[in-house]
Every structure is written in C-alpha cells, then in structure tokens.
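Student: The working numbering applies: residue 873 is where the sequence shown begins, and numbers increase by one.
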Amino acid sequence: MLVFVEPDHPDPDIQVPGGTLDPGESYLQAARREFFEETGLSLDIALESFADQDHIIKDVPGSLSGLHRRRHFHGHIREKPAVEWEHFEMTPSSGGPPIRFRLFWVDLFANDAPPKALFFEEFGAQLDTLRSRMERQNDGRH
C-alpha cells in the first residue's frame, strides 16, 4: 500500500493519498486527481471503492475541521515506480504553502506492517477490510 509522511511536520503520522472534492466532482474523479496531486503519479488503472468512513476532525493543525466523509478506493499497479520518493502537494485543501511528502510502500501482510494506531486520524481503520479484499483478489474470488 502506498503511504506517506510529512517530513516537515512529523506529527501527522502515516497517511494515505486522499483529499477533498472539488465542486461538481464525483468521489472517483476526486480520488484520481488527489492521487496525482499528492504522489505525482498518473493512474492508468481502474480504481474501485471498497469502504466508506465518516470521521470527525476537530482542532488538528493543517486539517479542515468537521465531518470527513471518506470513500476509500483501491487499485492494483503492476510495478512500483520507486521504493521511496518525495513530492510536493502544491494546492493543500487547507490552504497555505506546498506540503512535502515522503512516499513509500508498506506490505500489509508483513510482520512489520504498521499497525492501525500509527495512521493519521483513523486512516488505518480500513486496513483489515483492504487486506481481506486483497486476499480475495489473490485467491481469484473477487
């Protein structure tokens, strides 16, 4: 799974690419756009929604307060473009200067996979659902 941290702001813990809807956008359109903005990678694969999550954020520096209605998407790429890289998000949803991200991959099935608690603001809540989905895909059941 592709994740990132913010080297200049270490408090947010591990995050996954995501963001906010622009006016008139569908969740899928926003997911593709935000993925590009936060990773620098263009997607030429299908994304599938696999989970929904409502989460309230209150008084978190650098984040928009209020209800975050999250739609989680999954896509499988054939080859990782790099093991690790840095990228700047130029238009953060909360405003302000560009944000530097250090992106890297984690193996959700490894013994040293990050636990849910290490993810920023409940982003880890869907890890078990994603693992189950990936197992079904690998077994040809999905």
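For each residue, glycine too, the CB sits at the ideal point set by N, CA and C.
Going along the chain, which residues of its own chain have a beta-carbon closer than 7 Å to the beta-carbon of D979, five neighbours each way excluded?
Tutor: Answer for D979: A985, listed in chain order.
Student: Assuming contact is defined by CB atoms lying nearer than 7 Å, are P879 and R974 in contact in what I supplied?
Tutor: Yes, they are a contact pair.
Student: Where does V955 land, buried or exposed, given buried means 16+ other C-beta within 10 angstroms?
Tutor: With fewer than 16 Cβ atoms within 10 Å of its Cβ, V955 is classed as exposed.
Student: Can you give me the C-alpha to C-alpha distance between S921 and A902, rounded to a whole angstrom?
Tutor: Approximately 12 Å, taken between the alpha carbons.
Student: Please state whether DSSP places A918 in a helix, a strand or coil.
Tutor: DSSP places A918 in coil when its eight states are reduced to three.
Student: Where E994 and K988 are concerned, what is the direct C-alpha to C-alpha distance, given to the nearest angstrom?
Tutor: Cα-Cα distance, rounded: 8 Å.
Student: Excluding the 5 residues flanking H927 on each side, which residues of the same chain have their C-beta closer than 7 Å to its C-beta?
Tutor: So the list reads H940, R942, E993 and E994, once near-sequence residues are dropped.
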